[in-house]
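Step one of this worksheet: look at the structure below.
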Amino acid sequence: MASGSRYAPLAEDDFESEYPGPHTHPAPSLAHTHPASPTATLQAYPEIQWIYAGVEYGSLEDAIRASANSLGITNQAYVDWTISVTRDITRREVVNVYNVLGSKIYEHRNDFLNEVDATHATFKELDVSMTGLHTKADTAGNLALKAVEENKQLKAELVTVNADLEVLNRNNMELVKR
(Lines of atoms letter the chains of each structure in order from A; the text may use other names.)
(Lines give C-alpha, C1' and ligand atoms only; values in the text may rest on other atoms or scores of the structure.)
Protein backbone atom coordinates (compact mmCIF):
# COMPACT_ATOMS: atom_id res chain seq x y z
CA MET A 9 0.00 0.00 0.00
CA ALA A 10 1.31 3.48 -0.83
CA SER A 11 2.37 5.51 2.17
CA GLY A 12 0.24 8.47 3.18
CA SER A 13 -3.03 6.81 2.15
CA ARG A 14 -6.03 7.74 4.22
CA TYR A 15 -7.28 4.15 3.84
CA ALA A 16 -5.85 1.70 6.34
CA PRO A 17 -6.08 -2.07 6.05
CA LEU A 18 -8.94 -3.67 7.96
CA ALA A 19 -8.19 -4.71 11.52
CA GLU A 20 -9.57 -7.90 13.06
CA ASP A 21 -12.01 -5.72 15.08
CA ASP A 22 -13.56 -4.56 11.79
CA PHE A 23 -14.87 -8.10 11.34
CA GLU A 24 -16.64 -8.17 14.70
CA SER A 25 -20.37 -7.60 14.62
CA GLU A 26 -21.37 -4.82 16.98
CA TYR A 27 -25.02 -5.81 16.80
CA PRO A 28 -25.67 -9.55 17.13
CA GLY A 29 -29.43 -9.05 16.82
CA PRO A 30 -32.25 -9.49 19.34
CA HIS A 31 -31.65 -12.04 22.03
CA THR A 32 -34.86 -13.48 23.33
CA HIS A 33 -33.68 -16.99 24.06
CA PRO A 34 -31.53 -18.04 27.03
CA ALA A 35 -27.78 -18.18 26.56
CA PRO A 36 -26.84 -20.85 24.03
CA SER A 37 -25.37 -24.12 25.17
CA LEU A 38 -21.85 -25.15 24.19
CA ALA A 39 -23.32 -26.86 21.14
CA HIS A 40 -24.75 -23.53 19.95
CA THR A 41 -21.74 -21.28 20.57
CA HIS A 42 -19.62 -19.85 17.78
CA PRO A 43 -16.15 -18.34 17.56
CA ALA A 44 -15.71 -14.69 18.53
CA SER A 45 -14.72 -13.69 15.00
CA PRO A 46 -17.32 -14.50 12.36
CA THR A 47 -14.56 -14.67 9.73
CA ALA A 48 -12.81 -17.51 11.55
CA THR A 49 -15.25 -20.03 10.09
CA LEU A 50 -15.39 -18.59 6.55
CA GLN A 51 -14.20 -20.97 3.87
CA ALA A 52 -11.75 -19.79 1.24
CA TYR A 53 -13.57 -18.78 -1.90
CA PRO A 54 -12.31 -18.65 -5.47
CA GLU A 55 -11.32 -15.27 -6.85
CA ILE A 56 -13.98 -13.43 -8.79
CA GLN A 57 -13.33 -13.07 -12.49
CA TRP A 58 -12.94 -9.40 -13.41
CA ILE A 59 -13.62 -8.13 -16.92
CA TYR A 60 -12.27 -4.88 -18.36
CA ALA A 61 -12.72 -3.87 -22.01
CA GLY A 62 -14.02 -7.34 -22.86
CA VAL A 63 -10.96 -9.10 -21.44
CA GLU A 64 -11.33 -11.40 -18.43
CA TYR A 65 -8.75 -11.03 -15.65
CA GLY A 66 -8.01 -13.43 -12.80
CA SER A 67 -7.96 -10.76 -10.09
CA LEU A 68 -9.10 -7.25 -9.36
CA GLU A 69 -5.49 -6.07 -9.27
CA ASP A 70 -4.85 -7.34 -12.81
CA ALA A 71 -8.00 -5.61 -14.11
CA ILE A 72 -7.03 -2.31 -12.43
CA ARG A 73 -3.48 -2.52 -13.79
CA ALA A 74 -4.84 -3.20 -17.31
CA SER A 75 -7.23 -0.24 -17.07
CA ALA A 76 -4.40 2.01 -15.81
CA ASN A 77 -2.19 0.97 -18.73
CA SER A 78 -4.99 1.60 -21.23
CA LEU A 79 -5.62 5.04 -19.70
CA GLY A 80 -1.91 5.90 -19.79
CA ILE A 81 -1.47 6.07 -16.01
CA THR A 82 2.19 5.24 -15.40
CA ASN A 83 2.59 6.30 -11.75
CA GLN A 84 2.62 2.96 -9.90
CA ALA A 85 1.74 4.68 -6.59
CA TYR A 86 -1.66 5.73 -8.01
CA VAL A 87 -2.31 2.23 -9.28
CA ASP A 88 -1.31 0.65 -5.94
CA TRP A 89 -3.43 3.19 -4.04
CA THR A 90 -6.45 2.45 -6.28
CA ILE A 91 -5.97 -1.29 -5.77
CA SER A 92 -5.68 -0.83 -1.98
CA VAL A 93 -8.77 1.39 -1.74
CA THR A 94 -10.82 -0.90 -3.98
CA ARG A 95 -9.74 -3.96 -1.97
CA ASP A 96 -10.62 -2.24 1.33
CA ILE A 97 -14.02 -1.11 0.04
CA THR A 98 -14.72 -4.61 -1.26
CA ARG A 99 -13.68 -6.17 2.06
CA ARG A 100 -15.87 -3.76 4.01
CA GLU A 101 -18.83 -4.56 1.80
CA VAL A 102 -18.23 -8.29 2.23
CA VAL A 103 -18.00 -7.80 6.01
CA ASN A 104 -21.21 -5.74 5.99
CA VAL A 105 -23.05 -8.40 4.00
CA TYR A 106 -21.66 -11.09 6.29
CA ASN A 107 -22.80 -9.16 9.39
CA VAL A 108 -26.29 -8.68 7.96
CA LEU A 109 -26.50 -12.37 7.10
CA GLY A 110 -25.09 -13.29 10.52
CA SER A 111 -27.77 -11.18 12.21
CA LYS A 112 -30.47 -12.83 10.09
CA ILE A 113 -29.15 -16.28 10.97
CA TYR A 114 -29.07 -15.28 14.65
CA GLU A 115 -32.68 -14.04 14.45
CA HIS A 116 -33.83 -17.19 12.65
CA ARG A 117 -31.98 -19.36 15.18
CA ASN A 118 -33.68 -17.56 18.07
CA ASP A 119 -37.07 -17.77 16.35
CA PHE A 120 -36.50 -21.49 15.80
CA LEU A 121 -35.41 -22.08 19.41
CA ASN A 122 -38.41 -20.12 20.69
CA GLU A 123 -40.69 -22.22 18.47
CA VAL A 124 -39.02 -25.38 19.80
CA ASP A 125 -39.62 -24.17 23.37
CA ALA A 126 -43.28 -23.43 22.59
CA THR A 127 -43.72 -26.85 20.98
CA HIS A 128 -42.05 -28.51 23.96
CA ALA A 129 -44.37 -26.65 26.35
CA THR A 130 -47.37 -27.75 24.27
CA PHE A 131 -46.22 -31.37 24.44
CA LYS A 132 -45.77 -31.05 28.21
CA GLU A 133 -49.33 -29.73 28.51
CA LEU A 134 -50.58 -32.58 26.33
CA ASP A 135 -48.67 -35.07 28.47
CA VAL A 136 -50.25 -33.69 31.65
CA SER A 137 -53.65 -33.71 29.95
CA MET A 138 -53.16 -37.29 28.74
CA THR A 139 -52.05 -38.36 32.21
CA GLY A 140 -55.30 -36.88 33.57
CA LEU A 141 -57.28 -38.66 30.87
CA HIS A 142 -55.51 -41.94 31.64
CA THR A 143 -56.36 -41.51 35.32
CA LYS A 144 -59.99 -40.82 34.45
CA ALA A 145 -60.06 -43.79 32.08
CA ASP A 146 -58.56 -46.03 34.76
CA THR A 147 -61.16 -44.78 37.25
CA ALA A 148 -63.97 -45.35 34.73
CA GLY A 149 -62.59 -48.81 33.96
CA ASN A 150 -62.45 -49.67 37.66
CA LEU A 151 -66.02 -48.43 38.12
CA ALA A 152 -67.15 -50.51 35.14
CA LEU A 153 -65.44 -53.61 36.57
CA LYS A 154 -67.07 -52.93 39.94
CA ALA A 155 -70.48 -52.55 38.22
CA VAL A 156 -69.95 -55.85 36.36
CA GLU A 157 -69.03 -57.57 39.62
CA GLU A 158 -72.09 -56.11 41.38
CA ASN A 159 -74.21 -57.18 38.41
CA LYS A 160 -72.92 -60.76 38.78
CA GLN A 161 -73.71 -60.67 42.49
CA LEU A 162 -77.20 -59.31 41.81
CA LYS A 163 -77.81 -62.05 39.22
CA ALA A 164 -76.70 -64.67 41.71
CA GLU A 165 -79.00 -63.17 44.34
CA LEU A 166 -81.81 -63.05 41.78
CA VAL A 167 -81.32 -66.75 41.03
CA THR A 168 -81.46 -67.45 44.76
CA VAL A 169 -84.57 -65.29 45.16
CA ASN A 170 -86.22 -67.02 42.17
CA ALA A 171 -85.42 -70.41 43.67
CA ASP A 172 -86.84 -69.29 47.01
CA LEU A 173 -89.95 -67.98 45.23
CA GLU A 174 -90.45 -71.31 43.49
CA VAL A 175 -90.19 -73.10 46.81
CA LEU A 176 -92.66 -70.67 48.35
CA ASN A 177 -95.02 -71.06 45.40
CA ARG A 178 -94.91 -74.85 45.69
CA ASN A 179 -95.48 -74.65 49.40
CA ASN A 180 -98.32 -72.26 48.81
CA MET A 181 -99.86 -74.58 46.26
CA GLU A 182 -99.66 -77.49 48.65
CA LEU A 183 -101.29 -75.45 51.36
CA VAL A 184 -104.05 -74.41 49.04
CA LYS A 185 -104.67 -78.03 48.03
CA ARG A 186 -105.08 -79.17 51.55
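Residue numbers (our numbering): 9 to 186.
Even for Gly, the Cβ is constructed at its ideal location relative to N, Cα and C.
Determine, using beta carbons only, whether residue i and residue j come nearer to each other than 9 Å.
{"i": "T90", "j": "I72", "result": "yes"}
Closest by CA to residue i, which one among the options?
{"i": "K79", "options": "V167, L162 and A61", "result": "For the record, residue 79 in the displayed sequence is Leu; it is not Lys. It is A61 whose Cα lies nearest to the Cα of L79."}
{"i": "V87", "options": "R95, D96 and A76", "result": "A76"}
Once the 5 residues before and after residue i are set aside, which same chain residues still bring their CB inside 7 Å of it?
{"i": "T139", "result": "none"}
{"i": "T94", "result": "L68 and I72"}
{"i": "H33", "result": "Any reading at H33 needs caution, since the residue's pLDDT is 46, under 50, leaving its predicted position unreliable; the model's value is listed next. Closer than 7 Å at the Cβ level, and outside the excluded window around H33, lie N118, L121 and N122."}
{"i": "R186", "result": "none"}
So, at 8 Å on beta carbons, what are the nonlocal neighbours of residue i in its own chain, with the 5 sequence-adjacent residues on each side left out?
{"i": "V169", "result": "none"}
{"i": "Y65", "result": "Q57, W58, I59, A71 and A74"}
{"i": "T143", "result": "none"}
Using C-beta distances below 6 Å, list every residue in its chain close to residue i, excluding the 5 sequence neighbours before and after it, in chain order.
{"i": "L109", "result": "none"}
{"i": "K154", "result": "none"}
{"i": "H31", "result": "Low per-residue confidence applies at H31: pLDDT is 44, beneath 50, and the placement is therefore not dependable enough to give any value."}
Complete runs of the alpha helix (DSSP H) confined to the segment 54-90 [at least 4 residues]: Counting whole runs of 4 or more residues, the segment 54-90 contains the alpha helix (DSSP H) stretches 68-79.
Any beta strand (DSSP E) of 3 or more consecutive residues that is wholly inside the segment 84-166: The segment 84-166 contains no whole beta strand (DSSP E) run of 3 or more residues.
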